[in-house]
Amino acid sequence: MAEIRVEKKRPVWPWLLVIIVLAILAFLYFYGSTETDDNNETETIDDVTAMTIPQHHVIQTKTI
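The numbering of the sequence shown is full-length UniProt numbering, which starts it at 1 and goes up by one.
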């Protein structure tokens, strides 16, 4: 009879470990760097809604 070679199945966990490490490195590369020159800060502008009218422009009315 012919002899059948049976190979042992290789473990999967080293590949999972490599994928997890690569995912962590990719995350840190794209989102972990704080030394960028992006100017994402917003500038605060005060809202001015009051307007003063000079007294000589005001129409004087008489009350009855």
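Glycine is no exception: its CB is placed at the ideal position from the N, C-alpha and C atoms. Bear in mind that the values here come from a model prediction, so they are computed numbers and not experimental data.
Under the three-state reduction of DSSP, which class applies to residue i: helix, strand or coil?
i: Gln-60; result: coil
i: Ile-19; result: helix
i: Pro-14; result: helix
i: Ala-26; result: helix
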